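Trainee:
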Amino acid sequence: MTVRRFHAEVGTAFATAGLGIAAVTGAAGLGFGWEESGPQPGYFPFYVGLILIGASLWNLIRAFMKHRAAVLHERNSGEIEEPFLRRENLGRIGTFLAAMAGFVIGTLTLGVYVASTVYIAWSAWRQGGYRLWVALAVGAGFTIVQYVIFEVIFKIPLLKGPIEPLLGIY
Amino acid sequence: MIKTRIALLTATAVMVAAPALADWAPNRPIEFVVASGAGGGTDNFARTIQSALTRNDIVDAPMVVLNKGGGSGAEAFLYARQNAGDPNKLIFGTNNVYLLPYVAKLAYTTEDLQPVAALALDEFLVWVKADSPYESITDLIDAAKEAPGTITFGGSQSKDTDETLVALIEQVSGADFKYVPFNGGGETGVQLAGGHIAANVNNPNENIGQWQAGAVRPLCVFSPERMAESEPIGDDMGWHDIPTCKEAGLDIESYQMPRTVWLPKDTDPEVVAFYEDAMKKVAETPEWQDYLTKTSQTGAVLLDEELASFIQTNEDNTVKVFQAEGWTAAE
Amino acid sequence: MGNFDLLMHGFGVAITPMHLMLMVGGVLMGLVVGVLPGLGAPNGVSLLIPLTFALDPTSAIILLSSMYWGALFGGSTTSILFNIPGEPSSVATTFDGYPMARKGESTRALTLAFMSAGVGALVGVVVITLLAGWASNFALQFGAPEYFAVYFLAFAAFIGMGSASPAKTLVSLTTGLLLATVGMDTVTGEIRLTFGLDQLLSGISFLVVVIGLFGIGELLSTVQEGLRFRGVSSKIDLRDVLRTIAELPRYWATSVRSALIGIWMGITPGGPTAASFMSYGIARQASRKGEAFGTGRPEGIVAPETADHSAGSCAMLPMLALGVPSSATAAVMMGGLMIWGLTPGPMLFATKPDFVWGLIASMYVSNLIGVILVLATVPMFAALLRIPFAIIGPMIVVICFVGAYTVSNASFDLWLVLLFGLVGYLFTKLGYPLAPLVLAMVLGHKAENAFHQSMILSNGSLEIFFSNTLVTSIMLIALALLILPKTLQLGSRLRRKAPVE
Numbered sequence: 622m623t624v625r626r627f628h629a630e631v632g633t634a635f636a637t638a639g640l641g642i643a644a645v646t647g648a649a650g651l652g653f654g655w656e657e658s659g660p661q662p663g664y665f666p667f668y669v670g671l672i673l674i675g676a677s678l679w680n681l682i683r684a685f686m687k688h689r690a691a692v693l694h695e696r697n698s699g700e701i702e703e704p705f706l707r708r709e710n711l712g713r714i715g716t717f718l719a720a721m722a723g724f725v726i727g728t729l730t731l732g733v734y735v736a737s738t739v740y741i742a743w744s745a746w747r748q749g750g751y752r753l754w755v756a757l758a759v760g761a762g763f764t765i766v767q768y769v770i771f772e773v774i775f776k777i778p779l780l781k782g783p784i785e786p787l788l789g790i791y
Numbered sequence: 106m107i108k109t110r111i112a113l114l115t116a117t118a119v120m121v122a123a124p125a126l127a128d129w130a131p132n133r134p135i136e137f138v139v140a141s142g143a144g145g146g147t148d149n150f151a152r153t154i155q156s157a158l159t160r161n162d163i164v165d166a167p168m169v170v171l172n173k174g175g176g177s178g179a180e181a182f183l184y185a186r187q188n189a190g191d192p193n194k195l196i197f198g199t200n201n202v203y204l205l206p207y208v209a210k211l212a213y214t215t216e217d218l219q220p221v222a223a224l225a226l227d228e229f230l231v232w233v234k235a236d237s238p239y240e241s242i243t244d245l246i247d248a249a250k251e252a253p254g255t256i257t258f259g260g261s262q263s264k265d266t267d268e269t270l271v272a273l274i275e276q277v278s279g280a281d282f283k284y285v286p287f288n289g290g291g292e293t294g295v296q297l298a299g300g301h302i303a304a305n306v307n308n309p310n311e312n313i314g315q316w317q318a319g320a321v322r323p324l325c326v327f328s329p330e331r332m333a334e335s336e337p338i339g340d341d342m343g344w345h346d347i348p349t350c351k352e353a354g355l356d357i358e359s360y361q362m363p364r365t366v367w368l369p370k371d372t373d374p375e376v377v378a379f380y381e382d383a384m385k386k387v388a389e390t391p392e393w394q395d396y397l398t399k400t401s402q403t404g405a406v407l408l409d410e411e412l413a414s415f416i417q418t419n420e421d422n423t424v425k426v427f428q429a430e431g432w433t434a435a436e
Numbered sequence: 181m182g183n184f185d186l187l188m189h190g191f192g193v194a195i196t197p198m199h200l201m202l203m204v205g206g207v208l209m210g211l212v213v214g215v216l217p218g219l220g221a222p223n224g225v226s227l228l229i230p231l232t233f234a235l236d237p238t239s240a241i242i243l244l245s246s247m248y249w250g251a252l253f254g255g256s257t258t259s260i261l262f263n264i265p266g267e268p269s270s271v272a273t274t275f276d277g278y279p280m281a282r283k284g285e286s287t288r289a290l291t292l293a294f295m296s297a298g299v300g301a302l303v304g305v306v307v308i309t310l311l312a313g314w315a316s317n318f319a320l321q322f323g324a325p326e327y328f329a330v331y332f333l334a335f336a337a338f339i340g341m342g343s344a345s346p347a348k349t350l351v352s353l354t355t356g357l358l359l360a361t362v363g364m365d366t367v368t369g370e371i372r373l374t375f376g377l378d379q380l381l382s383g384i385s386f387l388v389v390v391i392g393l394f395g396i397g398e399l400l401s402t403v404q405e406g407l408r409f410r411g412v413s414s415k416i417d418l419r420d421v422l423r424t425i426a427e428l429p430r431y432w433a434t435s436v437r438s439a440l441i442g443i444w445m446g447i448t449p450g451g452p453t454a455a456s457f458m459s460y461g462i463a464r465q466a467s468r469k470g471e472a473f474g475t476g477r478p479e480g481i482v483a484p485e486t487a488d489h490s491a492g493s494c495a496m497l498p499m500l501a502l503g504v505p506s507s508a509t510a511a512v513m514m515g516g517l518m519i520w521g522l523t524p525g526p527m528l529f530a531t532k533p534d535f536v537w538g539l540i541a542s543m544y545v546s547n548l549i550g551v552i553l554v555l556a557t558v559p560m561f562a563a564l565l566r567i568p569f570a571i572i573g574p575m576i577v578v579i580c581f582v583g584a585y586t587v588s589n590a591s592f593d594l595w596l597v598l599l600f601g602l603v604g605y606l607f608t609k610l611g612y613p614l615a616p617l618v619l620a621m622v623l624g625h626k627a628e629n630a631f632h633q634s635m636i637l638s639n640g641s642l643e644i645f646f647s648n649t650l651v652t653s654i655m656l657i658a659l660a661l662l663i664l665p666k667t668l669q670l671g672s673r674l675r676r677k678a679p680v681e
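Chains as they are written, first to last, in the numbering used here: chain A, 622 to 791; chain B, 106 to 436; chain C, 181 to 681.
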């Protein structure tokens with residue numbers, strides 16, 4: 622599957638317009654008028670939200686206009702618009718994002734130390750082509766440095782999971 | 106009218122019943138959850154306690170400070186709610202713990218926290234610029250009555266202690282001021298020194314620097330008795346020379362802000378007893394006494410029932426002001 | 181020459197073996213804190229405060245301020261190498277620093293940044309030395325309308341001329357403004373746009389957004405184009421550093437202008453972050469080749485770095501002399517001051533000359549130490565880019581997420597980083613400029629507050645923004661910066677067209 626620039630433009634324009642609509646409805650609940658003592662709390666976000674919706678629509682229209690031109694061009698000359706994301710790029714980004722999301726979920730359930738060891742080791746092993754024990758050593762080494770900097774030197778507690786207390790680390 | 110009666114001011118005298126020997130001790134790091142940003146008044150309060158506990162070996166466990174000052178401190182109290190029953194989290198605040206839920210719709214109630222102790226009472230004073238025409242609080246009030254809504258009072262935050270006090274002054278005296286909220290006491294102090302506002306109700310340590318320099322001067326203090334003797338600070342006056350607002354002719358007996366320590370709810374009574382005992386010991390340390398002098402706060406160790414009745418009185422009185430102003434978050 | 185004698189006295193206080201050790205230690209710790217995104221200078225300094233209880237106040241402030249300088253230096257490192265600003269104030273450094281590093285000139289970019297930073301800091305300290313008394317009185321002139329005018333000026337200077345599509349700039353700007361309004365509003369005390377989510381009550385942290393937009397966003401772009409970092413410098417040696425230093429005098433005009441902007445924003449309540457943005461914007465407007473900014477222009481590094489550091493050092497002045505901190509770090513140090521029993525305010529200069537002038541003298545010395553230490557680390561940091569992406573990429577991811585977590589210890593922020601990483605990737609790819617979004621997040625809510633306060637003071641009349649010379653002149657400069665570039669552009673286009681007709 623390839624993503625065309627047109628789809629990305631339209632999707633983004635809808636998303637930003639959605640943010641604008643959310644802001645406008647949220648602000649409307651707070652009151653967006655102008656009182657004696659100046660603006661009400663919702664005044665500022667309300668109008669900023671309206672501007673955002675307007676600008677998003679403008680982008681949407683431009684995207685459609687460009688798309689029409691591109692389609693015409695394609696019909697006349699047979700040249701296809703440069704795709705936004707090719708299949709192989711999409712695959713790479715997808716894998717990277719999935720690994721990153723996995724790391725976040727791992728951090729929230731198992732704690733950051735376990736998650737970062739596994740995540741870094743996995744990447745070095747699967748993507749870097751390192752041997753598994755090298756990859757694990759890299760992951761563990763990084764995690765230990767991280768522990769020393771945050772918890773020992775600066776005394777900042779990071780997220781911990783069920784495993785650390787078994788080792789006596791709180 | 107509204108008379109705030111806080112008869113619990115036995116001041117620095119530490120006179121609480123003999124401590125029940127604590128059966129519990131922390132076995133992991135204690136989190137000090139501070140309901141203000143780093144550098145704020147509550148932050149200094151928590152860090153002073155941290156240093157007093159460490160340097161006098163009152164608590165063995167390590168302590169880490171977490172600043173959760175978002176939403177006027179609501180962030181810290183929500184965190185307490187999420188960690189109900191956790192004995193390793195102490196929450197540091199003021200009276201905002203029990204007052205915030207009245208003015209804003211929040212996902213916690215005061216019942217989500219277990220009060221441990223109040224250790225100090227911060228005073229409020231009315232300050233004006235040094236060269237202003239107002240010599241006393243009655244001058245200021247008369248001027249506001251003559252030209253309603255033109256005299257500006259600055260304060261920190263909206264619907265917080267400062268605005269509440271200004272509203273209380275208005276309700277008691279019948280004058281009408283204009284209130285402008287700023288980000289914090291320090292900023293409000295500079296706005297006054299620069300003459301951008303007419304008066305403020307800062308705590309002593311928020312304005313002491315400007316007073317020393319002769320840029321601002323105090324009119325009166327909202328405490329039942331004059332403040333403790335001190336070296337002369339500005340205009341050859343010390344804290345003790347400032348009249349109380351009541352003697353100066355404004356019928357508000359006292360308005361003070363407690364510095365409080367809390368636990369999440371549902372912790373064992375032994376845990377509460379442990380921290381009560383620790384706080385009592387803190388109050389006797391030289392670090393603590395030093396902090397009180399330097400910040401010109403009044404020491405007051407309130408625990409258990411005394412604390413509960415203090416909170417009740419303070420809450421009732423303040424909520425009356427809120428209701429009169431129409432601030433209580435309508436459901 | 182009273183100030184000069186006092187400064188000499190200050191050097192006597194500051195230069196002791198013990199203090200020099202504290203400076204080196206402070207700068208090194210600051211570097212670590214600055215390099216790690218999220219764990220910024222305010223965090224680092226507040227963590228050190230308990231340590232300082234055992235020191236006398238002068239030694240304590242020397243340690244803390246040295247850490248601050250170290251953090252300011254360190255913050256630019258990751259901005260340039262990985263497009264991840266270590267400190268809020270080094271966001272503007274990414275705009276040209278990162279492209280330059282990608283061209284294979286990471287050593288040059290780092291050296292330019294550190295040297296300009298050093299110059300900015302020194303100019304700032306000289307100003308503090310000379311103008312200590314006057315500057316604090318000047319800061320007193322700033323009420324709510326003047327605050328608003330300064331923020332407006334920063335916006336105007338930066339937004340006035342950009343190359344991106346106006347509609348996309350507008351989307352980026354308004355998105356930033358909306359993100360900044362989330363949470364509790366100071367002036368009205370209302371909770372806004374949280375949609376019932378408790379996690380949003382404290383607002384959306386600017387740092388979390390920046391880590392996502394720039395750090396993760398850039399990693400995604402890198403991944404898309406193959407798992408490799410572009411622009412690995414072939415050789416790294418100290419001669420590159422020296423050559424860049426020799427190149428520096430060429431940018432004297434940018435340096436002087438940026439230092440002045442930094443001083444102004446440091447003394448008035450703007451702060452280092454606003455200063456660096458404004459300085460970058462003005463450098464772009466002043467340059468005839470304005471369009472080339474963002475592609476790795478040296479001025480694009482010199483301008484924000486110089487302004488950032490001169491503002492950073494000048495911010496100490498209002499803190500000491502007025503008790504108003506104009507940066508988050510200054511706020512924490514002020515808390516420290518009170519714990520040590522010193523009262524910031526106009527009298528501090530008179531009652532504690534040893535402390536004040538010892539600190540000022542130490543600022544000269546520790547910034548020098550900072551520049552030397554940080555230049556020595558350039559080859560080491562530049563070598564980081566040689567580590568294979570499969571290893572360093574995930575490490576950066578972990579650092580980004582951990583950094584975002586440490587901002588306010590909130591798990592929710594991890595999801596925000598992921599979200600803004602996607603936003604940053606999409607926006608960059610589709611030609612939405614990120615800078616207006618960031619600037620709007622930094623200044624949006626402050627500007628709104630100042631505006632609202634002014635409206636309360638004036639009973640809703642806009643005339644307050646033209647009510648005295650100071651505020652009127654700032655507003656006029658801002659309006660000029662906003663309108664003039666467009667008018668000039670239009671004018672020259674018309675002139676070029678005229679002969680054709």
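Beta carbons: idealized from backbone N, C-alpha and C, even for Gly.
Owing to the predicted nature of the structure, the values given are computational and were not obtained by experimental measurement.
1. Taking the C-alpha atoms as reference points, what is the distance between B:D191 and B:A151?
2. For chain B, check one thing: does any of its Cβ atoms lie closer than 9 Å to the Cβ of A:I777?
3. Roughly how many whole angstroms lie between the Cα atoms of A:G760 and C:L244?
4. Which term fits C:S382, buried or exposed, when burial requires 16 or more other beta carbons within 10 angstroms of its beta carbon?
5. Spatial neighbours of C:P526 within its chain, please: CB distance less than 8 Å, with the 5 preceding and 5 following residues excluded, ordered by chain position.
6. So does the segment 268 to 278 of chain C actually touch the segment 476 to 483 of chain C, counting three or more Cβ pairs closer than 8 Å?
7. Report the start-end ranges of each alpha helix (DSSP H) in the segment 191 to 232 of chain C that is 4 residues or longer and not cut off at the edges.
8. With distance defined between alpha-carbon atoms, name the residue in B:W432, B:N132, B:N419, B:N422 nearest to A:G789.
9. Taking C:A151 as the reference, which of C:P230, C:L661, C:F262, C:L228 has the closest Cα?
10. May I ask you to list the residues that DSSP assigns as paired with B:E228?
11. Only counting the same chain, and skipping five residues up and downstream in sequence, which positions put a Cβ closer than 8 Å to that of C:G521?
12. Identify each residue in the segment 327 to 359 of chain C for which the Cβ-Cβ distance to at least one residue of chain B is less than 9 Å, and report them in chain order.
13. Let's see if you can read the secondary structure: which residues bound the alpha helix (DSSP H) around B:F427?
14. Does the segment 545 to 564 of chain C come close enough to the segment 322 to 336 of chain B to have 3 or more Cβ pairs within less than 8 Å?
15. So for C:F561, helix, strand or coil by DSSP?
16. According to DSSP, is B:A118 helix, strand or coil?
17. Identify the continuous alpha helix (DSSP H) that holds C:E485 and give its terminal residues.
18. May I ask you to report which of helix, strand or coil DSSP gives A:A745?
19. Is the segment 488 to 502 of chain C in contact with the segment 303 to 318 of chain C, if contact means three or more CB pairs nearer than 8 Å?
20. Smallest Cα separation from C:S641: which of A:P660, A:V631, A:A643?
21. May I have the straight-line CA-CA distance separating C:A508 from C:A495, to the nearest angstrom?
22. Please identify the residue among C:T361, C:V622, C:V306, C:S385 whose C-alpha is closest to the C-alpha of C:G451.
23. Can you pull the DSSP bridge partners for A:G659?
24. Spell out a yes or no on whether the segment 714 to 725 of chain A and the segment 640 to 657 of chain A are touching, meaning 3 or more CB-CB pairs, one atom from each, closer than 8 Å.
25. Under the three-state reduction of DSSP, which class applies to B:Y239: helix, strand or coil?
26. Apart from the five residues just before and just after C:M247, which ones in its own chain have a Cβ nearer than 8 Å to its Cβ?
27. Tell me B:R322's beta-bridge partners as DSSP assigns them.
28. Give the DSSP-derived three-state secondary structure of B:S328 in the structure shown.
29. Starting from the beta carbon of B:V51, find every residue of chain A whose beta carbon is closer than 9 Å, and list them in chain order.
Mentor: The short version:
1. Taking the straight line from one Cα to the other gives about 19 Å.
2. yes
3. 33 Å
4. buried
5. S316, A501, L502
6. yes
7. 197 to 215, 221 to 232
8. B:N132
9. Residue 151 of chain C lies beyond the range of chain C shown here (181 to 681); nothing can be said about it.
10. Paired residue(s): B:Q361.
11. P237
12. none
13. Its alpha helix (DSSP H) spans residues 409 to 430.
14. no
15. helix
16. Confidence at B:A118 is low in this model, with a pLDDT of 37, below 50, so the placement of that residue is unreliable and no value is reported for it.
17. 479 to 494
18. helix
19. Contact holds: three or more Cβ-Cβ distances are below 8 Å.
20. A:P660
21. 10 Å
22. Shortest Cα-Cα distance from C:G451 to any of C:T361, C:V622, C:V306, C:S385 involves C:V622.
23. A:E656
24. In this structure the segment 714 to 725 of chain A does not touch the segment 640 to 657 of chain A; the number of beta carbon pairs closer than 8 Å is below three.
25. coil
26. G206, V207, M209, G210, V213, A221, G224, V225, L228
27. DSSP output for B:R322 lists B:V233 as bridge partner(s).
28. coil
29. Look at the range of chain B in this structure, 106 to 436, and you will see that residue 51 of chain B is not part of it.
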